[in-house]
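What follows is a set of notes on a single structure, which appears directly below.
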Ligand SMILES: Nc1ncnc2c1ncn2[C@@H]1O[C@H](COP(=O)(O)OP(=O)(O)O)[C@@H](O)[C@H]1O
Ligand SMILES: [Mg+2]
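In structure tokens:
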């Protein structure tokens, strides 16, 4: 079943067109990877889906989530979906953490923004999602402030926050970039287990290792346009475009 369908998405920042007729769909329990050079529009696609574009941006097309066009929803409706049904792990997520609150409190807030729960349940949820995101000793880490944690841990805090409501769709923007190999493995394991639960993921990545390990399908983006799309096997084995071949060779 198709969970998310992006149709003829065009996006402008002022006069500059960042996305051109982007269309793709995401099935239930599917992991779609988006690859492309820096500046090709990967983050813009995710932000458009989340309804998080900057003020000057103009967007056209459709983003159908379970049949509803997210682009035409009111902010209030969108807020109910965002974080709960569709969650995002941002590129350089650490900058989204508030230095004044413990990470446990911040992860918990994502949960209580959508669910009514007593304190004990929230704490349990927080620790559970931190553990799933590969954070060792989550009970202790939950009581720490962002500055007390390494970049890699902060990244995992953001992943914990993104998964705490059990989203149907997770958008992850270069989620493993700052992480060392063993932690990367843990995150990829998390993604696979989410897939097994029937959740769907869009992973933006430079790392074809990530694509090979967890991806079902790949979308290749160049200058805001989808130039190639196929199963991971097809795209790796017989890339149709020189650009894709170049991306594959660059690693
Ligand atoms: N808020 C913005 N205002 C103006 N231009 C932007 C904005 N965000 C991104 N861009 C431009 O849009 C293009 C695509 O950016 P982005 O989606 O971040 O690409 P990627 O994630 O693939 O690196 C780039 O040329 C970038 O400079
Ligand atoms: Mg980006």
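In this note's numbering, the protein residues as written are 58 to 308.
Note that the Cβ used here is the ideal one computed from N, Cα and C, for glycine as well.
For clarity, every value in this text was computed on a predicted model and none was experimentally measured.
Once the 5 residues before and after residue i are set aside, which same chain residues still bring their CB inside 7 angstroms of it?
i: residue 235; result: 208, 209 and 212
i: residue 167; result: 140, 218, 221 and 222
i: residue 237; result: 209
Would residue i be called buried (16 or more neighbouring beta carbons within 10 Å of its own) or exposed?
i: residue 218; result: buried
i: residue 147; result: buried
i: residue 205; result: exposed
i: residue 189; result: buried
i: residue 186; result: buried
i: residue 137; result: exposed
i: residue 265; result: buried
i: residue 255; result: exposed
i: residue 176; result: exposed
i: residue 281; result: buried
Which residues does DSSP list as the beta-bridge partners of residue i?
i: residue 222; result: Paired residue(s): none; residue 222 is not in a bridge.
i: residue 286; result: 276
i: residue 84; result: 59
i: residue 145; result: 228
i: residue 241; result: Beta-bridge pairing links residue 241 to no other residue.
i: residue 65; result: Beta-bridge pairing links residue 65 to no other residue.
i: residue 70; result: 73 and 114
i: residue 122; result: 61 and 125
i: residue 208; result: Its beta-bridge partners do not exist; DSSP assigns none.
i: residue 139; result: 143
i: residue 93; result: 278
i: residue 79; result: 66
Taking C-beta to C-beta, are residue i and residue j nearer than 7 angstroms?
i: residue 118; j: residue 66; result: yes
i: residue 245; j: residue 271; result: yes
i: residue 215; j: residue 141; result: no
i: residue 114; j: residue 98; result: no
i: residue 224; j: residue 105; result: no
i: residue 309; j: residue 243; result: Outside the displayed range of the chain (58 to 308) lies residue 309, so it cannot be described from this structure.
i: residue 101; j: residue 68; result: yes
i: residue 59; j: residue 84; result: yes
i: residue 240; j: residue 268; result: no
i: residue 156; j: residue 203; result: yes
i: residue 61; j: residue 226; result: yes
i: residue 63; j: residue 81; result: yes
CB-CB under 8 angstroms to residue i, same chain, minus the five flanking residues each way: which ones, in chain order?
i: residue 153; result: 147 and 215
i: residue 180; result: 161, 165 and 199
i: residue 196; result: 184
i: residue 294; result: none
Identify, in the order they occur along the chain, each residue of the same chain with its Cβ nearer than 6 angstroms to the Cβ of residue i, setting aside the five sequence neighbours on each side.
i: residue 297; result: 285
i: residue 174; result: none
i: residue 283; result: 79 and 276
Could you check whether the segment 153-163 touches the segment 120-128, counting it as contact only if at least three pairs of C-beta atoms, one from each stretch, sit closer than 8 angstroms?
no
Could you check whether the segment 259-276 touches the segment 224-232, counting it as contact only if at least three pairs of C-beta atoms, one from each stretch, sit closer than 8 angstroms?
yes
Under 8 angstroms, with one C-beta from each stretch per pair, do the segment 276-283 and the segment 242-254 reach the 3-pair mark?
no
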